[in-house]
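For the sequence shown, this note's numbering begins at 4 and goes up steadily by one. Here is the structure we will look at.
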Amino acid sequence: MEPSSVANAYAALVGSVDAEIVRDERMARRTTYRIGGPTALFVRANTYPALTRVIEVLDQQGVPWVVLGKGSNILVSDKGYIGCVLTLGREFSRVILGENGAVTVGAAAPLTKLVTDALGHGLSGIEYCVGVPGTVGGAIAMNAGSRREWIGKTVESVVTYRPGEGMHRYAGSDIEWGYRATSIPWSEIILEAKLRLKPSTKETVSRDMNERLSKRRASQPIGQPSCGSVFSNPPDLSVGKLLEDAGMKGYTVGGAKVSPVHANFIVNTGGASAEDVCVIMREMQRKVKELYGIQLKPEVKFLGF
Ligand SMILES: Cc1cc2nc3c(=O)[nH]c(=O)nc-3n(C[C@H](O)[C@H](O)[C@H](O)COP(=O)(O)OP(=O)(O)OC[C@H]3O[C@@H](n4cnc5c(N)ncnc54)[C@H](O)[C@@H]3O)c2cc1C
Numbered sequence: 004m005e006p007s008s009v010a011n012a013y014a015a016l017v018g019s020v021d022a023e024i025v026r027d028e029r030m031a032r033r034t035t036y037r038i039g040g041p042t043a044l045f046v047r048a049n050t051y052p053a054l055t056r057v058i059e060v061l062d063q064q065g066v067p068w069v070v071l072g073k074g075s076n077i078l079v080s081d082k083g084y085i086g087c088v089l090t091l092g093r094e095f096s097r098v099i100l101g102e103n104g105a106v107t108v109g110a111a112a113p114l115t116k117l118v119t120d121a122l123g124h125g126l127s128g129i130e131y132c133v134g135v136p137g138t139v140g141g142a143i144a145m146n147a148g149s150r151r152e153w154i155g156k157t158v159e160s161v162v163t164y165r166p167g168e169g170m171h172r173y174a175g176s177d178i179e180w181g182y183r184a185t186s187i188p189w190s191e192i193i194l195e196a197k198l199r200l201k202p203s204t205k206e207t208v209s210r211d212m213n214e215r216l217s218k219r220r221a222s223q224p225i226g227q228p229s230c231g232s233v234f235s236n237p238p239d240l241s242v243g244k245l246l247e248d249a250g251m252k253g254y255t256v257g258g259a260k261v262s263p264v265h266a267n268f269i270v271n272t273g274g275a276s277a278e279d280v281c282v283i284m285r286e287m288q289r290k291v292k293e294l295y296g297i298q299l300k301p302e303v304k305f306l307g308f
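Encoded structure:
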């Protein structure tokens, strides 16, 4: 990338598109880990024309970009990202409840809003997302949920933006959904999804959600900056249990610490660097490999490394 590219892109976009545009935005402000150096550009595109124009300008200027939601499953390097972090804003934040459990939801809608609206209308099918931070776009990209229940199971269709082509609609059944994985290419931006929830009662949905929330509160370090689960569970095993048995709880490097509550969570106790987290992750992998012969796979995504 040319040194002037970011400045040129900024000059071409600021004031001319419906977007929030910031230069040298510290990603620690935009991630639940509260970790990460500056991204050269941070853009929140509020409308579809703004989004396509932003991408056009970035591509013209040769500025690499990546789309993020709320940054709840990402570790950004201490050096930051030499490119543009793109997020979706206003026009992509709607949750529209239709007939018989149909829900049309924008990718920027907070997952908590979807969960609350489902509860308010006695709709079942998304209870396992209670307490999961992030956006609906991030949840679909990650196929968020638990080990066996995930958002993909409720998806009837997904609309994406294919850079250079335009919008593309997938039927939910044409997408392969796996444990924290989908077949939607990472090069596409998820814009909207149609979900099919099941009409139930408010009482039933509320009871289920409350039980799940209580379990979460008892077993996870809620309220401390983290990215949730660091590694994916190996088939039929609990990575938290493997790490706990390996003695990793409480293991600390700089400001990062393996949670004493859940060994698959690394928390930022204040001033943790991405490098602190990486050192702990390598140690977790080394220990589990040495003791059980299992190679742990990160669930968290990385940016700027
Ligand atoms: C306390 C805590 C608890 C958690 N519990 C769970 C849990 O129980 N289950 C679970 O599955 N996850 C859990 N997570 C992880 C995280 O919340 C989910 O993965 C969430 O769905 C990520 O959403 P996001 O908007 O923050 O995505 P981000 O972290 O911003 O991005 C994650 C990935 O999705 C991609 N992405 C984001 N938006 C889009 C888009 N519009 N189009 C295309 N790609 C996109 C990004 O490029 C990135 O690769 C937890 C995290 C925390 C901090």
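Just so it is clear, CB atoms sit at the ideal spot from N, CA and C, and this is done for glycine as well.
Of all alpha-carbon atoms in Ile24, Val25, Pro263 and Thr42, the one lying nearest the alpha-carbon of Ala31 is that of Thr42. The beta carbon of Arg219 sits closer than 6 Å to those of Gly134, all from its chain and outside the five residues before and after it, given in chain order. In this structure Gly74 touches Thr35 by the C-beta definition: roughly 6 Å separates them, less than 8 Å. Check the Cα spacing between Ser7 and each of Arg183, Arg37 and Ile85: the tightest is with Ile85. The C-beta of Arg47 has 16 or more other C-beta atoms within 10 Å across all chains shown, which makes the residue buried. Annotated three-state conformation of Thr255 is strand, per DSSP. With contacts defined as CB atoms closer than 8 Å, Gly155 and Asn146 qualify as a contacting pair. Counting C-beta atoms within 10 angstroms of its own C-beta, Asn213 has fewer than 16 neighbours from the protein chains shown and is therefore classed as exposed.
Residue pairing by DSSP places Val162 opposite Arg172 and Glu195 in a beta bridge. Closest in C-alpha terms to Asp177, from the list Arg183, Thr107, Arg199 and Ile187, comes Ile187. Here DSSP, grouped into helix, strand and coil, assigns Ser209 to helix. Contact check for Pro228 against Val261 fails: the beta carbons are separated by 8 Å or more.
Close CB contacts of Gln64 within its chain, under the 7 Å cut and outside five residues either way in sequence, are with Ser8, Asn11 and Ala12 (chain order).
Inter-residue distance for Glu191 and Val70 is about 9 Å (C-alpha atoms, whole angstroms). In this structure, Asp279 sits near Ala259, with a CB-CB distance shorter than 8 Å. Gly86 sits in a strand when the DSSP states are folded into three classes. With at least 16 other beta carbons inside 10 angstroms of its own, Arg33 counts as buried. Secondary structure in the stretch 65–141: the alpha helix (DSSP H) runs of 4 residues or longer, each lying completely within the stretch, are 114–123 in chain order. Inclusion of Gly148 and Tyr131 in the CB contact set at 8 Å is warranted, their separation being smaller than that value. In this structure, Ser209 has its CB at a distance of at least 7 Å from all heavy atoms of ligand 1. Taking each of Arg150, Leu89, Val20 and Val256 in turn and checking the Cα distance to Val242, the smallest one comes out for Arg150. In this structure, Val106 places its C-beta atom within 8 Å of the C-beta atom of Leu200.
In this structure, Ala144 is the residue among Glu168, Val208, Gly123 and Ala144 with its C-alpha nearest to the C-alpha of Glu179. Under DSSP, no beta-bridge partner is assigned to Ile154.
Relative to the Cα of Arg37, the nearest Cα in the group Gln298, Gly274 and Ala53 belongs to Gly274. Straight-line spacing of the CA atoms in Val256 and Gln298 works out to 21 Å.
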